[in-house]
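Let me begin by presenting the structure, written as structure tokens, before commenting on it.
Residue numbers (the numbering used here): 82 to 275.
Structure below.
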């Protein structure tokens, strides 16, 4: 009987630690707008579709460039962005920081590789939330995306944010819907770069 209670207590403690370490970071009550700068971006990160762990200064060489932070559903849509032939330096960032650690290890990382295996646009895996934190981004709505411009002087400016069909990743999304969503993105993007 003692062994049974020890096992139950051990299970409860382990489960408590699992929950504690996978809870999303708290958002500051008195949020102060911080200045966005290239120097605040993480120094090292994982580029999914290049199978490499790379250094910021070796990866980002051409400016201006555009960072597109993708939440859950927008990943399914933007995996086809490379087909739109946008003549700008784009970098996609997969914001999966709120996904529990175990699920990231078992499913998410492999799914990102499958989704973006043909893409010619680099995808950074932001599993620890360092990119979203350095961009002062606290919005984890599952169907949203955020577009930033990084200038040669290191300043970063948020251009706009948008959303895609809710449930696109779990429930699926048709090719026509993907094309429509990407066309909407492309039209909005052109307003800021021309």
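Note that the Cβ used here is the ideal one computed from N, Cα and C, for glycine as well.
Taking the Cβ atom as the reference point for each residue, do residue 197 and residue 130 lie within a distance shorter than 8 angstroms?
Taking the chain shown and counting its residues from 1, one reaches residue 197 at position 116. Taking the chain shown and counting its residues from 1, one reaches residue 130 at position 49. For the pair residue 197 and residue 130, the CB atoms are nearer than the 8 angstroms cut-off.
I need the straight-line Cα distance from residue 271 to residue 92, nearest angstrom please.
As a working note, residue 271 is residue 190 in the chain shown. As a working note, residue 92 is residue 11 in the chain shown. In this model, residue 271 and residue 92 are separated by some 54 angstroms (Cα to Cα).
Could you give the residue range of the beta strand (DSSP E) that holds residue 270?
On the chain shown, residue 270 is found 189 positions in, with the first residue counted as 1. For residue 270, no beta strand (DSSP E) run applies; the uninterrupted alpha helix (DSSP H) run containing it begins and ends at 256 to 274, by DSSP.
Option nearest residue 152 by Cα separation, candidates 243, 85 and 268:
The residue you call residue 152 lines up with position 71 of the chain shown. If you compare the alpha carbons of 243, 85 and 268 with that of residue 152, the shortest gap goes to 243.
Give the DSSP-derived three-state secondary structure of residue 91 in the structure shown.
Numbered from 1 along the chain shown, position 10 holds the residue referred to as residue 91. Taken through DSSP and simplified to helix, strand or coil, residue 91 comes out as helix.
Looking at residue 177 and residue 207, is the spacing between their C-beta atoms short of 8 angstroms?
Position 126 of the chain shown, counting from 1, holds the residue named residue 207. Position 96 of the chain shown, counting from 1, holds the residue named residue 177. For the 8 angstroms CB-CB criterion, residue 207 and residue 177 form a contact.
Please classify residue 245 as buried or exposed, where buried requires at least 16 other C-beta atoms within 10 Å of its C-beta.
Translated into the one-based positions of the chain shown, residue 245 becomes position 164. Buried is the call here.
Stretch pair the stretch 226 to 235 + the stretch 146 to 166: three plus CB contacts closer than 8 angstroms:
Yes, since at least three Cβ pairs between the stretch 226 to 235 and the stretch 146 to 166 fall closer than 8 angstroms, the two stretches touch.
Looking at residue 145 and residue 233, is the spacing between their C-beta atoms short of 8 angstroms?
Numbered from 1 along the chain shown, position 152 holds the residue referred to as residue 233. Numbered from 1 along the chain shown, position 64 holds the residue referred to as residue 145. Between residue 233 and residue 145, the gap from beta carbon to beta carbon is short of 8 angstroms.
What does the alpha-carbon distance come out to for the pair residue 258 and residue 87?
Start at 1 with the first residue of the chain shown, and residue 258 comes out as number 177. Start at 1 with the first residue of the chain shown, and residue 87 comes out as number 6. Distance from the CA of residue 258 to the CA of residue 87, rounded to the nearest whole angstrom, comes to 53 angstroms.
Am I right that residue 159 and residue 173 are in contact with their C-beta atoms under 8 angstroms? What's the rounded C-beta distance?
For the purposes of this step, residue 159 is identified with residue 78 of the chain shown, where counting begins at 1. For the purposes of this step, residue 173 is identified with residue 92 of the chain shown, where counting begins at 1. Contact holds; Cβ gap of about 6 angstroms.
Tell me the DSSP secondary structure of residue 97 in three-state form.
Stepping through the chain shown from its first residue, residue 97 is reached at position 16. In the structure shown, residue 97 sits in a helix (DSSP, three-state: H, G or I).
Residue 84 versus residue 90: straight-line alpha-carbon distance, rounded:
As a working mapping, residue 84 is identified with position 3 in the chain shown. As a working mapping, residue 90 is identified with position 9 in the chain shown. Their backbone Cα atoms lie some 10 angstroms apart in a straight line.
With a Cβ-Cβ cutoff of 8 angstroms, do residue 128 and residue 205 count as a contact?
Counting from 1 along the chain shown, the entry for residue 128 is found at position 47. Counting from 1 along the chain shown, the entry for residue 205 is found at position 124. Yes, they are a contact pair.
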